[in-house]
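Colleague: Mapped onto numbering that gives the first Met the number 0, the consecutive letters of the sequence shown carry residue numbers 0 to 164.
A virtual CB, placed ideally from N, CA and C, is assigned to each residue, including glycine.
Keep in mind it's a predicted model, so treat the numbers as computed, not measured.
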Amino acid sequence: MVPRWAFVLWLAVQAKLSTKDKLANWGMQVEDKCVLCNNARDTHHHLFFQCPFSSMVWQQVLVRTLAPGIPNTLTDIVDWLVQYGTSKVFRNLVLHSTLAVAVYGIWIERNAGVFQGLSKHVDVVSLNVVNSIRDFLCSKKCVKNSTLNRAFGDKWRLPDSIFSM
Ligand SMILES: [Zn+2]
Numbered sequence: 000m001v002p003r004w005a006f007v008l009w010l011a012v013q014a015k016l017s018t019k020d021k022l023a024n025w026g027m028q029v030e031d032k033c034v035l036c037n038n039a040r041d042t043h044h045h046l047f048f049q050c051p052f053s054s055m056v057w058q059q060v061l062v063r064t065l066a067p068g069i070p071n072t073l074t075d076i077v078d079w080l081v082q083y084g085t086s087k088v089f090r091n092l093v094l095h096s097t098l099a100v101a102v103y104g105i106w107i108e109r110n111a112g113v114f115q116g117l118s119k120h121v122d123v124v125s126l127n128v129v130n131s132i133r134d135f136l137c138s139k140k141c142v143k144n145s146t147l148n149r150a151f152g153d154k155w156r157l158p159d160s161i162f163s164m
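In structure tokens form, the structure reads like this:
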């Protein structure tokens, strides 16, 4: 896993990222709206799960994981990590990297809005997330040539060369 993805994911599951609700709790006067939707407070739960912007990013990436359910709380993410996080099985690598890159991509987009006043269309953010996951998966070698792994290969448009013969 790319260290910066793992680091942000690790902070996110502990709700340790500096969302605006935290700054307000520390007594700072801040405008606490979510910059992605401008329609709710900037909290971990909102930012990663309830925000309509983030939901669209999740929808676009999770269809490619063939996962039965979508995590919609931080606890769900922790459950996913326990279930899928450590194994070298290719499916778990797909799920873990999807989780980490989506959380990272949402956080980076949120920061660009908070600190630089920049915003990208949700489709651009989703595409960046998908491309980062694909690049990561393309770097793998000797992936077992099973029907399931081939299905992931189709979903992520991975080259045949990553599969073992
Ligand atoms: Zn929002």
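(1) Buried or exposed: CYS141, going by 16 or more other Cβ atoms within 10 Å of its Cβ?
(2) Using only alpha-carbon positions, find the residue among PRO2, LEU16, THR97 and LEU117 that is nearest to ALA125.
(3) How about the segment 142-153 and the segment 72-84: do they share at least three Cβ pairs that are nearer than 8 Å?
(4) Measuring straight from C-alpha to C-alpha, what distance separates TRP4 and ARG109?
(5) What's the gap between the Cα of TRP155 and the Cα of GLU30?
(6) Pull up the distance between the alpha-carbon of ALA14 and that of MET0, whole angstroms please.
(7) Rounded to the nearest angstrom, what separates THR42 and LEU22 at their Cα positions?
(8) Rounded to whole angstroms, what's the CA-CA distance from SER17 to SER118? Just pull it up for me.
(9) Could you name the residues that DSSP lists as bridge partners for LYS32?
(10) Write down the C-beta distance between TRP57 and ALA11 rounded to the nearest angstrom, noting that I regard them as a contact closer than 8 Å.
(11) So, helix, strand or coil for VAL1, using DSSP?
(12) Can you tell me whether ALA99 sits near ligand 1, meaning its C-beta is under 7 Å from at least one heavy atom of the ligand?
(13) Given this structure, state the Cα-to-Cα distance separating LEU94 from GLN82, to the nearest angstrom.
(14) GLY104 and VAL128 - do their beta-carbons sit closer together than 8 Å?
(15) Regarding PHE52 and ligand 1, is the C-beta to nearest heavy atom distance less than 7 Å?
(16) With which residues is VAL113 paired in a DSSP beta bridge?
Modeller: A quick look at the data gives this:
(1) exposed
(2) The displayed chain sequence assigns Ser, not Ala, to residue 125. If we check each option's Cα against that of SER125, THR97 comes out closest.
(3) no
(4) 15 Å
(5) 39 Å
(6) 20 Å
(7) 10 Å
(8) 19 Å
(9) ARG40
(10) About 13 Å separates the two Cβ atoms, so there is no contact after all.
(11) coil
(12) no
(13) 10 Å
(14) yes
(15) yes
(16) None, per the DSSP bridge assignment.
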